[in-house]
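Note sheet for the following structure.
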Amino acid sequence: MEQTKPFYDLSIPYNTDDSKMRALLNELVELGYKTIAIDQSFDHSKKENGKRGSDMFPEPQKIEHLRKEFQDKLRILQRITVLYVDVNVAHAMSVSLNLRKFNLIAGQPKTDAALTHCCTTFNGDLISFDPVAGSRLLVNRKAYQVAVRRGMFFEIKYAPAIVDSNNRKDMIKIAQNYCTKGKSKNIIFSSGATHEFQLRGSYDVANLAFIFGLSEDQGKNAVDRHCRQLFLKAESRRLGKTIMFVKGNGPVVFSDSSEDDHSDEDEEMEGLKTHVKDYSESELINEKNPPNKRLKMA
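First residue of the sequence shown: 3, per the working numbering; consecutive thereafter.
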């Protein structure tokens with residue numbers, strides 16, 4: 003399992019231009035981020051009918067050169083965001099081999115039915131939304147609670163709000179919907195930035211909690227703890243049932259409560275034996291030296 007460290011930005015759109023990607027990654031390092039995810043999108047609604055389900059999703063982009071370049075500075079994960087309109091995506095995901103190569107799988111529904119499916123059945127880790135499409139899709143209370151019980155997380159991107167004021171209004175509306183329907187549980191903050199000037203520091207992003215209806219602790223967890231939990235859930239989905247071996251570096255000392263009880267009983271028995279021994283020795287001395295009996299003279 004890969005190790006991750008705070009702070010997190012789990013939505014950096016992939017760019018074929020390596021110079022722009024390096025500029026984004028260098029800015030993330032300067033802002034104090036340690037774990038990021040490079041995101042690539044796939045529109046399932048525009049799928050080709052001739053392809054099979056296993057070949058429908060693309061393979062992860064080749065970013066090994068970026069990982070080697072930033073190996074001491076950033077932990078780079080790979081993420082795919084699936085845009086879809088119907089529930090047929092579930093079968094395609096179950097037979098796909100390329101999806102298993104991604105660290106994170108996010109769902110971005112386009113319809114109300116797809117949003118309900120994303121909260122209740124979608125075999126992924128994250129629920130995202132399209133800031134350009136507006137806030138026409140709002141989750142209901144029941145679907146939100148089901149998603150939280152399943153361990154799904156909801157993503158809020160702040161970079162589109164910096165670019166356009168209309169996106170800012172829609173993002174605030176969606177965040178307030180999360181607050182009203184589910185008390186802003188399982189929320190993470192991501193950038194979705196395509197330029198380094200759209201990035202902000204982790205503490206500045208956490209302060210957005212006051213605008214989005216989150217508490218101070220929820221804002222901190224949105225860039226740290228919840229992102230770590232999301233990564234662990236994704237790893238458990240990828241690995242499935244596994245066997246773990248734990249090796250200790252030092253001596254292992256086992257303590258059992260029965261041993262303590264046994265030691266107490268031994269002490270009581272030793273005390274009882276000592277008491278009986280003293281009593282027997284006193285009787286033996288009395289037998290060897292019987293008391294003198296005086297005869298009465300008639």
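Built from N, CA and C at the ideal position, the CB exists for glycine as well.
Legend entry - Secondary structure of T123, DSSP reduced to three states: coil
Inset, instruction - Using only alpha-carbon positions, find the residue among N100, F9, T37 that is nearest to F72. - result: Nearest in C-alpha terms to F72, of all of N100, F9, T37, is T37.
Inset, instruction - Using the Cα positions of K22 and F9, report the straight-line distance between them to the nearest angstrom. - result: 21 Å
Legend entry - Sequence-distant residues of the same chain with beta carbon closer than 6 Å to A39, five excluded per side: L12, L79, R81, L106
Legend entry - Secondary structure of A39, DSSP reduced to three states: strand
Legend entry - Proximity of T196 and P15 at Cβ, strictly below 7 Å: Against a cut-off of 7 Å, the Cβ pair of P15 and T196 comes out as a contact.
Legend entry - Close Cβ partners of H228 (< 8 Å) along its chain, the five nearest in sequence each way excluded: F155, N188, I189, I190
Legend entry - Sequence-distant residues of the same chain with beta carbon closer than 7 Å to A177, five excluded per side: I158, F214, G215
Legend entry - Complete runs of the beta strand (DSSP E) confined to the region 52-109 [at least 3 residues]: 77-86
Legend entry - D19, buried or exposed, once every other Cβ within 10 Å from all chains shown has been counted against 16: exposed
Legend entry - Limits of the alpha helix (DSSP H) - the one that P162 falls within: 161-165
Legend entry - Among R170, Y146, R239, the one whose alpha carbon lies nearest that of K103: R239
Legend entry - For S13, the first and last residue of its enclosing beta strand (DSSP E): 10-15
Inset, instruction - Output the distance between the C-alpha atoms of N169 and F131, rounded to the nearest integer angstrom. - result: 12 Å
Legend entry - L128 (DSSP reduced to helix, strand or coil): strand
Legend entry - Neighbourhood of A135 by C-beta, 8 Å cutoff - its chain only, sequence neighbours within 5 removed: K112
Inset, instruction - Inspect the beta-carbon positions of A161 and G203 and report whether they are closer than 7 Å. - result: no
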